[in-house]
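Okay, so the sequence shown: first residue is 699 according to my numbering, each after it adds one.
Here a beta-carbon is modelled for each residue, glycine too, at the ideal position from N, C-alpha and C.
Before any comments, here is the structure.
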Amino acid sequence: MHHVESKVCPECGHIFRGNGWDGIDAHWRSKHEAVMPYEKAWPLLKSETYASG
Ligand SMILES: [Zn+2]
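Right under this line is the structure:
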């Protein structure tokens, strides 16, 4: 048994149905790079301390 927890983009609610945050790189860069650079957002997303707005 294994449990896969879906990750949700805190900016737009997009659900990542792959393995964890699989695809966040391309998703963030194409949609939210203007809000926060991916390099800065990723550590926050990973530790789930990202606050939108
Ligand atoms: Zn998003």
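Assigned exposure category for residue i - 16 Cβ within 10 Å defines buried
{"i": "K729", "result": "exposed"}
{"i": "C707", "result": "buried"}
{"i": "K744", "result": "exposed"}
{"i": "A648", "result": "A question about residue 648 goes unanswered here, because the residues of the chain that appear run from 699 up to 751."}
{"i": "K738", "result": "exposed"}
Whether residue i touches residue j by CB criterion (8 Å)
{"i": "Y736", "j": "D723", "result": "yes"}
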